[in-house]
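Oh and the sequence shown: position 27 is 27 in our numbering, straight run, nothing missing.
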Amino acid sequence: GKRPGRQPLDIKRVEAAIKLIKADVSPAEAARQLGLGRSTVYREMRRLRISRPA
């Protein structure tokens with residue numbers, strides 16, 4: 001039968017979000033542009049040890 005559970009995270013979109021954040025786009029804005037949840041973006045930033053631009 002079907003396997004329940006979350007869809008795997010779209011790595012391409014997460015990578016694109018990280019690029020935007022490194023280019024001084026706010027994480028919330030990067031998430032909106034790519035259709036990702038804000039929490040997803042922040043979680044990945046934490047996982048990759050990326051600090052928010054001041």
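Where is the CB? At the ideal position from N, CA and C, for every residue including glycine.
- Between Ala31 and Ala17, the C-beta spacing is below 8 Å.
- Contact check for Arg43 against Pro27 fails: the beta carbons are separated by 8 Å or more.
- Taking C-beta atoms as the reference points, Gln33 and Leu48 fail to come closer than 8 Å.
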